[in-house]
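Novice: Sharing a structure here in structure tokens format.
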Amino acid sequence: MVASLFLPSFLVCYILNLIHSLNVDHYVSEFNHMLNIKLTPPIFKFGKILGSLVKINHFHTVISLSRLIELRGIQTDIVNLNILVNCFCQLGQLNYAFSVLAKILKMGYQPDTVTLTTLIKGLCRSGQIEGLLVKPNVVMYSTIIDSLCKDKLSGAVMIKQGVEPNVVTYTSLMDGYFLVKEVNKATYIFNTIAQRGVTPELHSYNVMINGLCKNKMVNEAANLFKDMHSRNMTPDTISYNSLIDGLCKSGSISDVWDLIDEMHNRCQPVNVITYNSLLDALCKNHQVDKAIALLKKMKDQGIQPNMYTYTILVDGLCKNGRLADAREIYHDLLTKGYPLNVSMYNVMVNEFCKEGLFDEALSLLSKMEDNGCTPDAITYQTLICALFENNKNDKAVKLLREMIVRGLL
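According to mature numbering (1 follows the signal peptide of the UniProt record, and there is no 0), the stretch in the sequence shown is residues -21 to -1, 1 to 388, in order.
Take a look at the structure:
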């Protein structure tokens, strides 16, 4: 896929000055305009402005503007309410944050992971974790830890009230440590939970194998996979897919075919995730014809490719100088009505820019929005860098302003 891009250093000062010129007054002005026009825009448009203000730490402004929404009788949603919870937590005003939680419930919304994680992080920051009003059981602990870990909070919170953690708790912790690259801590938990009277389950092994592979420790993951066999634990498709993906990314494609044969022998279904890992590896090894053949085999086996499958292949074709073939697949997907995602558009935008086809790239930016796909930071960065490098400064500056207004910088 298109890698994360960084704007060239010569743009940094320019961007900082531009952000200063498009400061909080710009957002407030836009917000007031939206409030006062005859046809009130949908609530998510207000949310985009509030989210942009949060990014530049204008929490008080967000709270004031949220109050204006309420006074105008505009129906808010869970996203905007979560933004408000976050602002109060950032300001240390936890009573108000919990008042918003009460409002969420009163309005009939279900607090989501964002709501709860924000509140818990707010309590942790202020040293008020005891503010949780009920005595948690092991299920609540596991849910809290799982939410905190998946939100990449480096320290999981355990309240010592005599509740024994179970295998779900420990597995969530391991998963969280892998997410924040604390591999040694995840491994330590896995290696010591048996001493605490907890037996690792299949999901525990899957978390370990996936985490080790994601951290480029494929040999360790393969050893753990063998350990499953020695303990008479049958790996499932998730186990195989994690190891296959790790082997593919480490360049050991030859070992993958044996694993796929083993999957068939053990009646573990090969799925689209399995094939996507292989396709990605083949494309990166400049074997795009083999990748195309594998796609055909995949379809013949009744496995339906997803958008990620096609994005891998189109990206591989572009990077191997086969733009015509990439375009053919891209147009075929459009003709058949496939909903293209931002990754697919980014691949095509990047390739058009590399070929110097800036009109096509800019046209694609417009088509994305028309087709209901919102450009992301990578879309804009790809275009802006290419335009600046080719002395198309006016167009680049226009996109840069648009990027800042959208809160993508």
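For glycine and all other residues, C-beta sits at the position ideal for the given N, C-alpha and C.
1) Could you compute how far the alpha carbon of Ile150 sits from the alpha carbon of Leu191?
2) Alpha carbon to alpha carbon, what distance is there between Ile172 and Ala340?
3) Using 8 Å for Cβ pairs, my map puts Pro354 next to Leu366. What's the rounded Cβ distance?
4) Given Ala272, which residues of its chain have a CB within under 6 Å of its CB, disregarding the five upstream and five downstream residues?
5) Quick one: what's got a C-beta closer than 7 Å to Lys377's C-beta in the same chain, skipping five residues either side?
6) Excluding the 5 residues preceding and the 5 following Asp224 in the sequence, name in chain order all residues of the same chain whose CB lies nearer than 7 Å to its CB.
7) Can you find the residues in the same chain that come closer than 8 Å, C-beta to C-beta, to Thr253, ignoring five residues on each side of it along the sequence?
8) Smallest Cα separation from Leu47: which of Val58, Phe67, Val7 and Val64?
9) Using the three-state DSSP reduction, which class does Asn189 fall into: helix, strand or coil?
10) Check whether the region 6 to 23 and the region 51 to 59 touch, using three or more Cβ-Cβ pairs below 8 Å as the test.
11) Counting only the same chain and skipping the five closest in sequence on each side, list residues whose C-beta sits under 6 Å from that of Asn194.
12) Let me confirm a value: Thr213 is counted as buried when at least 16 other C-beta atoms fall within 10 Å, else exposed. Which label applies?
13) Where does Phe303 land, buried or exposed, given buried means 16+ other C-beta within 10 angstroms?
14) Which two residues bound the contiguous alpha helix (DSSP H) that contains His39?
15) Would you kindly work out how many angstroms separate the C-alpha atoms of Asn145 and Asn170, rounded to a whole number?
16) Quick one: Cα of Arg380 to Cα of Asn74, how far?
17) On the three-state DSSP scale, how would you describe Asn370?
18) Report all residues from its chain with a CB closer than 8 Å to the CB of Val177; omit the five preceding and five following residues, and keep chain order.
19) Measuring straight from C-alpha to C-alpha, what distance separates Leu18 and Glu9?
Specialist: Considering the structure as presented:
1) Just to set this straight, residue 150 is Thr in the shown sequence, not Ile. In a straight line, the C-alpha of Thr150 is about 14 Å away from that of Leu191.
2) 53 Å
3) Not a contact, Cβ separation roughly 14 Å.
4) none
5) none
6) Cys192 and Ser256
7) Thr216, Tyr219, Asn220, Ile223, Ile239 and Met242
8) Val7
9) helix
10) yes
11) Val162
12) exposed
13) Per the sequence presented here, residue 303 reads as Ala, with Phe not at that position. Exposed, by the Cβ-count rule.
14) Phe38 to Leu50
15) 15 Å
16) 38 Å
17) coil
18) Pro144, Asn145, Val146 and Tyr149
19) 15 Å
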